[in-house]
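Encoded as structure tokens, the structure appears first; notes follow it.
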Amino acid sequence: MLPVLGLLLALPAAAPQDHAVVLDIRTASAVDVEQFKHGVGVRWWVELGTRLVVGGEAASLRTLAVRGSRLGEIEAIDKHDLALRTVGCALHEEAPGQLLVQSGRWQLRRLPPGMELPPSQPGHETWRRLGDNDVLARQYRLDAPLGAMPDPLVLPLVDQIDAARWFGDVTQLASWDRSSYGTTSLNASRDWIGVRMQGLGLAVTTPGFSMPGAGSGSITRQNVIGTWTGTSMPNEWIVVGAHYDSRNSSGSSVTNTPGAEDNASGCAGVIELARALLPFKPRRSILFMCYAGEEQGLYGSTRHVQALQSSGDLAKVKSVVIMDMIGYSADNQLDALYESKSAYLSYLNRFGAAAAAYVPALNVTISTNPFGSDHMPYLDANKETVLAIESDWASYPHYHRSTDTPANMGVNAQAMGGAILKTNVAVLAELSGASDRIFADIDK
1 MLPVLGLLLA
11 LPAAAPQDHA
21 VVLDIRTASA
31 VDVEQFKHGV
41 GVRWWVELGT
51 RLVVGGEAAS
61 LRTLAVRGSR
71 LGEIEAIDKH
81 DLALRTVGCA
91 LHEEAPGQLL
101 VQSGRWQLRR
111 LPPGMELPPS
121 QPGHETWRRL
131 GDNDVLARQY
141 RLDAPLGAMP
151 DPLVLPLVDQ
161 IDAARWFGDV
171 TQLASWDRSS
181 YGTTSLNASR
191 DWIGVRMQGL
201 GLAVTTPGFS
211 MPGAGSGSIT
221 RQNVIGTWTG
231 TSMPNEWIVV
241 GAHYDSRNSS
251 GSSVTNTPGA
261 EDNASGCAGV
271 IELARALLPF
281 KPRRSILFMC
291 YAGEEQGLYG
301 STRHVQALQS
311 SGDLAKVKSV
321 VIMDMIGYSA
331 DNQLDALYES
341 KSAYLSYLNR
351 FGAAAAAYVP
361 ALNVTISTNP
371 FGSDHMPYLD
381 ANKETVLAIE
391 SDWASYPHYH
401 RSTDTPANMG
411 VNAQAMGGAI
421 LKTNVAVLAE
431 LSGASDRIFA
441 DIDK
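Going by the numbering used here, the first residue of the sequence shown is number 1, and it counts up by one from there.
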């Protein structure tokens, strides 16, 4: 899992002083977590998925978490200097203040006394002060009903997911430099995606869009869309998307950008989901999409939403599933984050329930604090949308590096990617009507 940083900090004396402990709550029960939050001496807490930070009176907190896993302590701290920062592709560089804890897509940082919050990304809350109690992400199992059972009409679609085949596609995509500032290699990968989609029987288009170039002026790049027309509800659309562009540490380099985990893994996942769904002839239409321009500012997905608005087709979109970095696991535990707006919490919970029923080895964390990937343009357009991402992405040592190769994704890559894809296809089977084989026209 992700490291906890700055576990024992000897900070200058200041008033008021708090003490904090950092707990690993992966195996804690819901009752345990509530007891940790409301124990004697606790004045504030923040839940970060598999991590819980509780702060307050030092003597009491040192006796806390007899049943929990104490990862470390933060001493002599003023809560008013603490801030939460959301981290995504566009914000992975250095930030002001002192990093205390990082978990998933969030950082707890100590800012210099009196410092104002740094500016957030336009339209999205990147920074915020720590409240008295904050839930940035919560493990699905803490609130889930017990006894989830697979649906016999969905299970055959889940079984269609082939993790080795998916990883083969990751390897092929990573053989090309896919920076959106490049041309030849990017276009080769674009065309390969299109051929794969055509081979599955999809109608393929490559709509162009304009985005800023690496220097002055603009460039034209293409999304790849493979469209399945629903057998009985063609005007109700599901979008399944991921970005196919990549980058390394320079951001503008057009070479040495294999981008295996980020995001050949997600783009190959779009193709694998199409393979699993299409033999069951979904009743609703599905747009299988691979976007360009994500690393430079979500250009491909933004332009797609704008095109839907211009054509009047946005109302046809019922649900969206986006994948970004789905194949890395830092240890033998498979952990995934699903995030959306709070308005779509019931949608998020469907993915947690699907994992519990079909992939019990996958630990799902739910977040209603979305940020920084291709789900954002759809959420901003008020579409039911989820992002699926593995939970260890921020600790991936090859993130945005020329070393982001299939080999460096680790020995658990196929297990991690397969778990997320099986979870996703279970939900998509129901969303698209592919599991309703009593009424679906499957013989054509």
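Glycine included, every Cβ here is placed at the ideal spot set by N, Cα and C. What you are looking at is a predicted structure, and each value in this text was computed from that prediction instead of being measured.
Between P207 and I225 a beta carbon distance of about 7 angstroms is seen, short of the 8 angstroms cut, so the two are scored as contacting.
In the DSSP annotation of this structure, the continuous segment of the beta strand (DSSP E) that includes N235 starts and ends at 233-243. Rounded to the nearest whole angstrom, the CA to CA distance from L82 to V254 is 38 angstroms. DSSP places F167 inside the alpha helix (DSSP H), whose first and last residues are 163-173.
Around the beta carbon of E294, a 10 Å sphere encloses 16 or more other beta carbons of the protein chains shown; the residue is thus reported as buried.
Beta-bridge annotation (DSSP): H19 is paired with G56. In the assembly as shown, N369 is a buried residue. Its beta-carbon has 16 or more other beta-carbons within 10 Å.
Secondary structure note for R350: it is in no beta strand (DSSP E), and the uninterrupted alpha helix (DSSP H) holding it is 345-358. Exclusion of the five residues before and after F209 leaves R303 as the residues of its chain whose Cβ lies within less than 6 angstroms of its Cβ. Residue pairing by DSSP places W127 opposite R85 in a beta bridge. With three or more CB-CB distances shorter than 8 angstroms, the segment 177-191 counts as touching the segment 231-248.
By the neighbour-count criterion, in which a residue is buried when 16 or more other Cβ atoms sit within 10 angstroms of its Cβ, Q107 is buried.
Counting the other Cβ atoms within 10 Å of the Cβ of N235 gives fewer than 16, which makes it exposed. In the same chain as G266, and ignoring 5 residues on each side of it, the C-beta atoms closer than 6 angstroms to its own belong to A242, M323, D324, I326, in chain order. Burial is judged here by how many other beta carbons sit within 10 angstroms of a residue's own beta carbon; E47 has at least 16 and is buried. The three-state reading of DSSP puts F209 in strand, counting E and B together. If you draw a straight line from the Cα of R109 to the Cα of I77, it is about 11 angstroms long. Burial is judged here by how many other beta carbons sit within 10 angstroms of a residue's own beta carbon; R62 has fewer than 16 and is exposed.
At a Cβ-Cβ threshold of 8 angstroms, L142 and V22 do not count as neighbours. Counting only residues of its own chain and dropping the five nearest sequence neighbours on each side, A95 has a CB closer than 8 angstroms to the CB of R85, Q107, R109, P118. In the DSSP assignment, L421 falls within the unbroken alpha helix (DSSP H) covering 413-432.
Of the candidates L348, L334, R70, L348 places its Cα closest to the Cα of S340. The DSSP-derived three-state label of N187 is helix.
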